[in-house]
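Trainee: Quick one: the structure is below, questions incoming.
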Amino acid sequence: MDSLPRPQRPAPPLPAPLRPPPGPPPGPDTGEVLQQIMAITDQSLEEAQARKHALSCHRMKPALFSVLCEIKEKTVLSIHGVQEEGPPSAQLMRLDNMLLAEGVSRPERRGRGGSAAATSTATPGGCPNDNSLEHSDYRAKLSQIRQIYHSELEKYEQACREFTTHVTNLLREQSRMRPVSPKEIERMVGVIHGKFNAIQMQLKQSTCEAVMTLRSRFLDARRKRRNFSKQATEVLNEYFYSHLSNPYPSEEAKEELARKGGITVSQVSNWFGNKRIRYKKNMGKFQEEATIYTTKMAVDTTKVGGLGSQASCPSTPSSGSSGPFPLTSAGDALITLQTLTSLRPAPAGGGLRSQARGGWQGAAPPVSTASPAGDLSSVNSDASN
DNA sequence: TTTGATGATTCGTA
DNA sequence: TACGAATCATCAAA
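All residue numbers for the first sequence refer to the numbering used here, where the first residue is 17 and numbers rise by one.
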C-alpha cells in the first residue's frame, strides 16, 4: 500500500545527518518517534493501539506528518499513474455480447420463451409438440446456467464491495498516520475492481463455454429424426401424387404444404427430394400408396365437383389453372393409376425438371406418350408445363 | 435384435 | 441455388 521504503526491523538508529538538530529535547527525538512508528506493526494489537495513540498525541506528530506529506508528494506521482486501468477489453465485450445474445445476462423471463436462444430456434422435426420436451429441457438447463451465473456474479460483486469498503476504511484509518490522498484511495479501489473484473471475466468465459456446450448438445438432439405427423405425410403425399408428372412444388406451394403439415419449408424440400428419388428407384413399391392417394384425390374431386383437389393442394407454377375442369390434379392421379403398372422409360420431353435434370421423365411417364388417357394430357397443366 | 422406413445431411452437378 | 444421389441416423414394427 505504502510506497515509502520501509527499513528492516528492528529499525537501526537513524544516521547522524538525519537526526534533528541538537536542541533542548522536550521528549524523545524525531528518530526515536520514527522508530516507534516503524515498530508498531511488530507489536501486539493492544500494544500497538496504545503506542499509536501515544504517537497520535505526540506534539511532534504534525511536524512529522507534514514531512511525510512532502516526501510523498515528491514520490507518489512518479510511482502512481503508471498502471491506470484501461478500457474494457474486446474479449470482455465479446463475452458480454454473447451472454446477452444467449439470454444469460438478462434476468429470466417467465412464461414461454425463457431465452432468446430457445425462442429464436426453429423447431424442425415435424411434430413441434415432440420437440417441446427437448425445448423445455434446454430452457431448464439454460435457466440453471443463468442462475449459477447470476448467483456467482452477485457473490463476486458483494465480495468486491466488501473488500473495497474494507480497504477504503483501512486507508482512511491509515491516513491519520500517513498521508493518503483521496485520489490514492480511488486508485486503490480501481485496482481492486480490476482484480475482481478479471475474476468476473473468467466467470463469464466459463458461462459462455457452458452455454455453447448446451447449445451444441441441443442442436445434436434436433438432428434426431422424428416422423412427420400423419396429417403432414398426407398433405405431402397428396401433393406428390396429384402432381406426379412434375412433383416439384414452387416456393409458394412448399410454404403452403409446410403450413398445412405443420413442418418447415426445408422439411418439405427434404421430403420431396427423398420422395422423388425413392419413388423413382422403386415405383412398384409405391403403387399401392399411389392408388390410395389417387383414389382419395378422385373422391375429393368428385365431392367438390369442380374445384377438386386444388382446394387441398397448394398451387404450383406448373400446375396452374387448367380451366373449369378439375383435371389438373386428378388428371395426374388418374394417369398414375393407369400407367404405374406399365412403367417404362419415356422419351425426352417430360416435365419441367426432367428437362433440366433429365431425371424425372424416367419415373413419371409423360402423359402424352405413356398414358392411354392421352386426352387428359391436353388439359393437364403439369404435363403442358 | 433385426430390418425396413424415413427424415436429415452431404456432396457433386447443371 | 435447387436438385439428384448416396449415406447416415433414428424410429418403429416384427
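Using N, Cα and C, we set each Cβ at its ideal position, and we do this for glycine too.
Between which residues of its own chain and P42 is the CB-CB distance below 6 Å, once the five residues before and five after are set aside?
Mentor: For the purposes of this step, residue 42 is identified with residue 26 of the first sequence, where counting begins at 1. Confidence in P42 is poor, its pLDDT being 48 and thus under 50, which makes the residue's placement unreliable; the coordinate value appears in the next sentence. Listed in chain order, the non-local C-beta contacts of P42 below 6 Å within the same chain number zero, local neighbours out to five positions each way being set aside.
Trainee: Indicate whether the contact test is met: 3 or more Cβ pairs, each with one atom in the region 268-278 and one in the region 216-226, closer than 8 Å.
Mentor: no
Trainee: Quick check on G347: does DSSP put it in helix, strand or coil?
Mentor: Against the first sequence, residue 347 aligns to sequence position 331. Reliability of the predicted coordinates at G347 is poor, the pLDDT of 46 falling under 50, and the value obtained from them is presented with this limitation in mind. Correct three-state label for G347: helix.
Trainee: Cβ of Y309 within 7 Å of Cβ of Y257?
Mentor: As a first step, residue 309 must be located in the first sequence, where it is residue number 293. As a first step, residue 257 must be located in the first sequence, where it is residue number 241. Yes, they are a contact pair.
Trainee: Whole angstroms is fine: what's the gap from G278's alpha carbon to K246's?
Mentor: Translated into the one-based positions of the first sequence, residue 278 becomes position 262. Translated into the one-based positions of the first sequence, residue 246 becomes position 230. Going from the Cα of G278 to the Cα of K246 covers about 11 Å.
Trainee: If contacts are defined as beta-carbon pairs under 8 Å, then Q52 and L71 qualify, I think. What distance do you get, rounded to the angstrom?
Mentor: Along the first sequence, one-based indexing puts residue 52 at 36. Along the first sequence, one-based indexing puts residue 71 at 55. That pair is a contact at about 6 Å.
Trainee: To the nearest angstrom, how far is it from the Cα of G289 to the Cα of Y295?
Mentor: Position 273 of the first sequence, counted from the start, is the residue given in the question as residue 289. Position 279 of the first sequence, counted from the start, is the residue given in the question as residue 295. Each residue's alpha carbon lies about 10 Å from the other.
Trainee: Could you work out which residue in E304, E305, T91, K220 is closest to Q107 when comparing CA atoms only?
Mentor: Taking the first sequence and counting its residues from 1, the one referred to as residue 107 is at position 91. The candidate whose alpha carbon is nearest that of Q107 is K220.
Trainee: Mapping the DSSP letters down to three states, classify R67 as helix, strand or coil.
Mentor: By one-based count along the first sequence, residue 67 stands at place 51. Three-state DSSP puts R67 in a helix.
Trainee: Given S222, which residues of its chain have a CB within under 6 Å of its CB, disregarding the five upstream and five downstream residues?
Mentor: As a position in the first sequence, residue 222 is number 206, starting the count at 1. There are no such residues.
Trainee: Excluding sequence positions up to five away, which residues of its chain have a Cβ less than 7 Å from the Cβ of V3?
Mentor: Not covered by the structure: residue 3. The range shown for the chain is 17 to 401.
Trainee: Answer with buried or exposed for H182, where buried requires no fewer than 16 other C-beta atoms within 10 angstroms of its C-beta.
Mentor: To locate residue 182, count along the first sequence from 1; it is residue 166. With fewer than 16 Cβ atoms within 10 Å of its Cβ, H182 is classed as exposed.
Trainee: Report back the beta-carbon spacing between T184 and V207 to the nearest angstrom; my notes put them in contact at under 8 Å.
Mentor: Position 168 of the first sequence, counted from the first residue, corresponds to residue 184. Position 191 of the first sequence, counted from the first residue, corresponds to residue 207. Contact flag wrong, Cβ pair sits at about 12 Å.
Trainee: List the whole-angstrom C-beta distance separating K90 from P195, where the pair is believed to meet the contact cut-off of C-beta under 8 Å.
Mentor: The count along the first sequence starts at 1 and reaches residue 90 at position 74. The count along the first sequence starts at 1 and reaches residue 195 at position 179. Wrong, their Cβ atoms sit about 11 Å apart, outside the cutoff.
Trainee: What span of residues does the alpha helix (DSSP H) with T249 cover, start to end?
Mentor: The count along the first sequence starts at 1 and reaches residue 249 at position 233. Boundaries of the alpha helix (DSSP H) harbouring T249: 246-258, taken from the DSSP string.
Trainee: Under a Cβ-count criterion, where at least 16 other Cβ atoms within 10 Å of its own Cβ denotes burial, should R162 be classed as buried or exposed?
Mentor: Within the first sequence, residue 162 is the residue found at index 146, counting from 1. R162 is buried by the Cβ-count criterion.
Trainee: How far does the alpha helix (DSSP H) with M109 in it extend, from its first residue to its last?
Mentor: Within the first sequence, numbered from 1, the residue matching residue 109 stands at position 93. 106-117 is the span of the alpha helix (DSSP H), which, as asked, contains M109.
Trainee: Answer yes or no: do M114 and C224 have a C-beta to C-beta separation smaller than 7 Å?
Mentor: What you label residue 114 is simply residue 98 of the first sequence in a count that begins at 1. What you label residue 224 is simply residue 208 of the first sequence in a count that begins at 1. Contact: yes.
Trainee: To the nearest angstrom, how far is the alpha carbon of E254 from that of A156?
Mentor: Position 238 of the first sequence holds residue 254. Position 140 of the first sequence holds residue 156. Those two C-alpha atoms are separated by around 39 Å.
Trainee: Between E268 and T280, what straight-line distance do the alpha-carbon atoms span, to the nearest angstrom?
Mentor: Indexing the first sequence from 1 puts residue 268 at position 252. Indexing the first sequence from 1 puts residue 280 at position 264. Distance between the alpha carbons of E268 and T280: 13 Å.
Trainee: Return the CA-CA distance between S121 and R203, expressed in angstroms with no decimal places.
Mentor: Counting from one through the first sequence, the residue named residue 121 turns up at place 105. Counting from one through the first sequence, the residue named residue 203 turns up at place 187. Approximately 28 Å between the Cα atoms of the pair.
Trainee: What are the boundary residues of the alpha helix (DSSP H) that N286 is part of?
Mentor: By one-based count along the first sequence, residue 286 stands at place 270. Element bounds for N286: 281-297.
Trainee: Among G119, E63, S60, E86, which one has its Cα closest to the Cα of L158?
Mentor: To locate residue 158, count along the first sequence from 1; it is residue 142. Among G119, E63, S60, E86, the Cα nearest to that of L158 is on G119.
Trainee: If you run the structure through DSSP and keep just helix, strand and coil, what is N262?
Mentor: Position 246 of the first sequence, counted from the start, is the residue given in the question as residue 262. The answer is coil: DSSP assigns N262 none of H, G, I, E or B.
Trainee: Rounded to the nearest angstrom, what separates A117 and R177 at their Cα positions?
Mentor: As a first step, residue 117 is located in the first sequence; it is residue number 101 there, counting from the start. As a first step, residue 177 is located in the first sequence; it is residue number 161 there, counting from the start. Their Cα atoms are separated by approximately 28 Å.
Trainee: Over what stretch of residues does the alpha helix (DSSP H) that includes R275 continue unbroken?
Mentor: For this step, residue 275 is matched to residue 259 along the first sequence. 267-277 is the span of the alpha helix (DSSP H), which, as asked, contains R275.
Trainee: V207 by DSSP, collapsed to three states: which one?
Mentor: Locating residue 207 in the first sequence gives position 191, where the first residue counts as 1. Three-state DSSP puts V207 in a helix.
Trainee: If distances are taken between C-alpha atoms only, which option among A66, Q303, S105, K199 comes closest to G210?
Mentor: Stepping through the first sequence from its first residue, residue 210 is reached at position 194. Selected option, being the one with the closest Cα: S105.
Trainee: Hey, I164 and L187: beta-carbon distance below 7 Å or not?
Mentor: Stepping through the first sequence from its first residue, residue 164 is reached at position 148. Stepping through the first sequence from its first residue, residue 187 is reached at position 171. Contact: no.
Trainee: For a test of the three-state rule: what should DSSP assign to P406, helix, strand or coil?
Mentor: Outside the shown range of the chain, which is 17 to 401, sits residue 406, and nothing can be said about it.
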